[in-house]
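Student:
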Amino acid sequence: MNKDNLVGRTLAGYRLLAYIGEGGTATVYEAEHPERGQSAVKVLRDRMARDPVAVKRFLREAEFGTRAQHPHIIQTYDFGEVDGLYYLALEWAPGEPLGDFILSAGRLAPTVVANIIEQLGEALTAAHKAGIIHRDLKPANIMYDPTTQTARLLDFGIARDAEDVPEERLTRAGFFVGTLQYVAPEALSGELVDEQADVYSLATISYHLLADMLPYNGKSPRELFQQLLSQPPLPLNQATKGVQFSDALERVVMRGLERDRSKRWKSIDDFASAFCMAARDEEPPTRGGFFSSMFRKS
1326 MNKDNLVGRT LAGYRLLAYI GEGGTATVYE AEHPERGQSA VKVLRDRMAR DPVAVKRFLR
1386 EAEFGTRAQH PHIIQTYDFG EVDGLYYLAL EWAPGEPLGD FILSAGRLAP TVVANIIEQL
1446 GEALTAAHKA GIIHRDLKPA NIMYDPTTQT ARLLDFGIAR DAEDVPEERL TRAGFFVGTL
1506 QYVAPEALSG ELVDEQADVY SLATISYHLL ADMLPYNGKS PRELFQQLLS QPPLPLNQAT
1566 KGVQFSDALE RVVMRGLERD RSKRWKSIDD FASAFCMAAR DEEPPTRGGF FSSMFRKS
């Protein structure tokens, strides 16, 4: 048996019931707690638990999760170390990763996207007020329940404290962190980014949800890296043949994708408010997509 498979074990009162999945550093389990009920528990993988930087990053993720409090952020219950196992216990959220949902649903109607961006905007504004820059916004790090149209933000694994000084960073200077398809161009140099980097990533998510594609089409990481540094993003109204959005909605999204930060929306709240206003005034686009037949104006 894989020594990282802990199904059946109990950690700090959390009985691990089922394996859910894993990333590069941690394994995630469905768990049951006598007081909190159904929960999710992340456990740092055995090989990573021997890496002091990985342990520090894992515990920092947990600490950020306790600082960032909002109904649209997955709640962090507690964290610690038991018998050499580092764990992080989280609220159980119904639904599925937004990335999985859009793979099957395709493009979403502007009003549905507005609901998602509004909720994420509120969550990120709360995180920024707590001094936390997420740095890894992407559909895989958002839980979405299509039944209630509820979006919840999670995974502060590579977030940074807005008050960090270069000497205290865990990422080496000159190396970027994040997911290339959603990361802000200024992050590619490895500099300490601010909340405008999260604005860029949220604008990329909104583009993806509306167009069912990304604003850059690089076929390899190298090509995509170069496009992000040197080319403008594909305008939203050129993304999907036969689908046109209002000029107002396109302007909001493309301003969020500005490489020049002086031209980009200054805050998440600015972007989310403008996006929701434009999207909710939008007639449904001309072709297909999940929920596209709903919300039509009479």
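To get our numbering, take the position in the sequence shown, counting from 1, and add 1325. For each residue, glycine too, the CB sits at the ideal point set by N, CA and C.
#1: Could you check the C-alpha separation between valine 1380 and methionine 1602 for me, to the nearest Å?
#2: Going by beta carbon distance, what residues of the same chain come within less than 7 Å of isoleucine 1458, once the five residues before and after it are set aside?
#3: Can you give the beta carbon distance from leucine 1423 to alanine 1476, rounded, assuming they're within the 8 Å contact cut?
#4: Going by alpha carbons, who is nearest to leucine 1534 out of Leu1561, Gln1556, Leu1513?
#5: Using DSSP's beta-bridge definition, name the partner residues of lysine 1367.
#6: Report the rounded CA-to-CA distance for threonine 1450 versus alanine 1597, giving the unit in angstroms.
#7: On the criterion of 16 or more Cβ atoms from any shown chain inside 10 Å, does glycine 1499 qualify as buried, or is it exposed?
#8: Which residue's Cα is closest to the Cα of serine 1592: Ala1604, Tyr1525, Gln1569?
#9: Quick one: Cα of alanine 1564 to Cα of alanine 1536, how far?
#10: Going along the chain, which residues of its own chain have a beta-carbon closer than 8 Å to the beta-carbon of glutamate 1357, five neighbours each way excluded?
#11: Quick test of your reading: histidine 1395 and glutamate 1443, contact by CB under 8 Å. State the CB separation rounded to the nearest angstrom.
#12: Name the DSSP bridge partner or partners of phenylalanine 1404?
#13: Alanine 1604 and alanine 1439: beta carbons closer than 7 Å?
#14: Check for me: the alpha helix (DSSP H) holding isoleucine 1427 runs from which residue to which?
#15: How long is the line joining the alpha carbons of proline 1557 and methionine 1579, rounded to whole angstroms?
#16: Helix, strand or coil, according to DSSP, for isoleucine 1399 in the structure here?
#17: Can you tell me which of Thr1529, Thr1436, Val1568, Gln1552 puts its alpha carbon nearest to the alpha carbon of glutamate 1607?
#18: Residue range of the alpha helix (DSSP H) that glycine 1390 falls in?
#19: Closest to leucine 1384 by C-alpha separation, out of Ser1531, Asp1371, Phe1481, would be which residue?
#20: Put glutamate 1516 into one of helix, strand or coil per three-state DSSP.
#21: Skipping 5 residues on each side, what residues in its chain have a beta carbon closer than 6 Å to that of tryptophan 1417?
#22: Please report how far the alpha carbon of serine 1617 lies from the alpha carbon of isoleucine 1427, in whole angstroms.
#23: Rounded to whole angstroms, what is the Cα-Cα separation between alanine 1434 and aspartate 1594?
#24: Just tell me which of Pro1359, Ile1345, Gly1348 has its CA closest to the CA of leucine 1336.
#25: On a CA-only basis, which of Lys1544, Leu1331, Glu1421, His1453 is nearest proline 1464? Give me that one, please.
#26: Between Ile1399, Phe1600, Tyr1541, Pro1510, which has its C-alpha nearest serine 1571's C-alpha?
#27: My understanding is that alanine 1351 touches leucine 1369, with C-beta atoms under 8 Å, so please give their C-beta distance in whole angstroms.
#28: Taking DSSP's pairing of strands, which residues face alanine 1434 in a bridge?
#29: Given a cut-off of 7 Å, decide if aspartate 1403 and alanine 1393 are closer than it, judged by their beta-carbon atoms.
#30: For the candidate residues Lys1367, Arg1334, Arg1361, Lys1544, whose alpha-carbon lies nearest to that of glutamate 1347?
Tutor: Straight from the coordinates:
#1: Taking the first residue of the sequence shown as position 1, residue 1380 is located at position 55. Taking the first residue of the sequence shown as position 1, residue 1602 is located at position 277. Cα to Cα, valine 1380 sits roughly 42 Å from methionine 1602.
#2: Mapped onto the sequence shown, residue 1458 falls at position 133. For isoleucine 1458, where only same-chain residues beyond five positions count, the Cβ hits under 7 Å are Ala1484, Arg1485, Ala1487, Val1518, Asp1519, Glu1520, Ala1522, Asp1523.
#3: Taking the first residue of the sequence shown as 1, we reach residue 1423 at position 98. Taking the first residue of the sequence shown as 1, we reach residue 1476 at position 151. That pair is a contact at about 7 Å.
#4: Stepping through the sequence shown from its first residue, residue 1534 is reached at position 209. Nearest option by C-alpha distance: Leu1561.
#5: Taking the first residue of the sequence shown as 1, we reach residue 1367 at position 42. DSSP, once it has assigned bridges, lists Val1353, Leu1413 as partnering lysine 1367.
#6: Here residue 1450 refers to the residue found at position 125 when the sequence shown is read from its first residue. Here residue 1597 refers to the residue found at position 272 when the sequence shown is read from its first residue. Cα to Cα, the separation comes out at about 10 Å.
#7: By 1-based counting over the sequence shown, the position of residue 1499 is 174. Here glycine 1499 scores only 40 on pLDDT, less than 50, and its place in the model should not be relied on; the value that follows carries that caveat. By the neighbour-count rule (16 or more Cβ atoms within 10 Å), glycine 1499 is not buried but exposed.
#8: Here residue 1592 is taken as the residue at index 267 of the sequence shown, counted from 1. For the residues Ala1604, Tyr1525, Gln1569, the minimum Cα distance to serine 1592 belongs to Tyr1525.
#9: Numbered from 1 along the sequence shown, position 239 holds the residue referred to as residue 1564. Numbered from 1 along the sequence shown, position 211 holds the residue referred to as residue 1536. Roughly 6 Å between the two C-alpha positions.
#10: Taking the first residue of the sequence shown as position 1, residue 1357 is located at position 32. Taken in chain order, the residues that qualify are Tyr1339, Arg1340, Leu1342, Gln1363, Ser1364.
#11: By one-based count along the sequence shown, residue 1395 stands at place 70. By one-based count along the sequence shown, residue 1443 stands at place 118. 13 Å between Cβ atoms; not a contact.
#12: Residue numbering aside, residue 1404 sits at position 79 when the sequence shown is read from its first letter. Leu1413.
#13: Along the sequence shown, read from residue 1 onward, the residue named residue 1604 stands at position 279. Along the sequence shown, read from residue 1 onward, the residue named residue 1439 stands at position 114. Yes, these two residues count as a Cβ contact at 7 Å.
#14: The count along the sequence shown starts at 1 and reaches residue 1427 at position 102. That run of the alpha helix (DSSP H) goes 1423-1430.
#15: The sequence position of residue 1557 within the sequence shown is 232, counting from 1. The sequence position of residue 1579 within the sequence shown is 254, counting from 1. The straight-line gap from Cα to Cα measures roughly 10 Å.
#16: Sequence index remark: in the sequence shown, residue 1399 carries index 74 (1-based). In this structure, isoleucine 1399 counts as coil in the three-state DSSP scheme.
#17: On the sequence shown, residue 1607 is found 282 positions in, with the first residue counted as 1. Comparing Cα-Cα distances from glutamate 1607 to each of Thr1529, Thr1436, Val1568, Gln1552, the minimum goes to Thr1436.
#18: For the purposes of this step, residue 1390 is identified with residue 65 of the sequence shown, where counting begins at 1. Run containing glycine 1390: 1377-1392, per the alpha helix (DSSP H) assignment.
#19: Position 59 of the sequence shown holds residue 1384. Minimum Cα distance to leucine 1384 is reached at Phe1481.
#20: What you label residue 1516 is simply residue 191 of the sequence shown in a count that begins at 1. Glutamate 1516 falls in the coil class under three-state DSSP.
#21: Here residue 1417 refers to the residue found at position 92 when the sequence shown is read from its first residue. Taken in chain order, the residues that qualify are Gln1363, Ser1364, Ala1365.
#22: Position 292 of the sequence shown, counted from the start, is the residue given in the question as residue 1617. Position 102 of the sequence shown, counted from the start, is the residue given in the question as residue 1427. With a pLDDT of only 42 at serine 1617, under the threshold of 50, the placement of this residue in the model should not be trusted, and no figure is reported.
#23: Taking the sequence shown and counting its residues from 1, one reaches residue 1434 at position 109. Taking the sequence shown and counting its residues from 1, one reaches residue 1594 at position 269. Distance between the alpha carbons of alanine 1434 and aspartate 1594 is about 21 Å.
#24: Numbered from 1 along the sequence shown, position 11 holds the residue referred to as residue 1336. Leucine 1336 has its Cα closest to that of Pro1359, out of Pro1359, Ile1345, Gly1348.
#25: For the purposes of this step, residue 1464 is taken as the residue at position 139 of the sequence shown. Nearest C-alpha to proline 1464: Glu1421.
#26: Along the sequence shown, read from residue 1 onward, the residue named residue 1571 stands at position 246. Minimum Cα distance to serine 1571 is reached at Phe1600.
#27: What you label residue 1351 is simply residue 26 of the sequence shown in a count that begins at 1. What you label residue 1369 is simply residue 44 of the sequence shown in a count that begins at 1. 5 Å between Cβ atoms; contact.
#28: Within the sequence shown, the letter at position 109 stands for residue 1434. None, per the DSSP bridge assignment.
#29: Taking the first residue of the sequence shown as 1, we reach residue 1393 at position 68. Taking the first residue of the sequence shown as 1, we reach residue 1403 at position 78. Contact: no.
#30: Within the sequence shown, numbered from 1, the residue matching residue 1347 stands at position 22. Residue Lys1367 is the option with its Cα nearest to glutamate 1347.
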